[in-house]
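In case it helps, the numbering used here puts the sequence shown at residues -3 to 82.
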Amino acid sequence: LMSRPQILMLDEPSLGLAPKLVDEVLDTVRRLKQEGMTILLVEQNVREALDLADRGYVIQTGRIVGEGGGKELLARDTFRQAFLGI
């Protein structure tokens, strides 16, 4: 990050981390986003990832089954029932 890249690609940055560390990693990603960095995030923690996302794509068995703004996806009842169990 010292070279100030234009895009940061993260693959499962929360995998295997304690909850406190997950919060720290996601807070850092949130801060970088606020500073204007483009971030491509692949994450199984759907709720946290979409809360961060300007745009989200939900992939199930290799196919895109949902797309839209992060908050928009979280607000869809069908999406919440299928992927978040709410």
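Idealized CB from N, CA, C, for every residue including glycine.
Beta-carbon proximity list for residue i, same chain, < 8 Å, skipping 5 on both sides
{"i": "Y53", "result": "I60, G62 and E63"}
Sequence-distant residues of the same chain with beta carbon closer than 6 Å to residue i, five excluded per side
{"i": "N41", "result": "S10"}
{"i": "L6", "result": "L37"}
Rounded separation between residue i and residue j - CA only
{"i": "G32", "j": "A78", "result": "32 Å"}
{"i": "P1", "j": "R76", "result": "34 Å"}
{"i": "K16", "j": "R26", "result": "15 Å"}
{"i": "A45", "j": "D19", "result": "12 Å"}
Neighbourhood of residue i by C-beta distance below 7 Å, restricted to the same chain and skipping five residues each side
{"i": "L28", "result": "L4 and I35"}
Three-way DSSP call (helix, strand, coil) for residue i in this model
{"i": "Q30", "result": "helix"}
{"i": "E20", "result": "helix"}
{"i": "E8", "result": "coil"}
Among the options, nearest to residue i - alpha-carbon criterion
{"i": "A49", "options": "V38, Q56 and T57", "result": "V38"}
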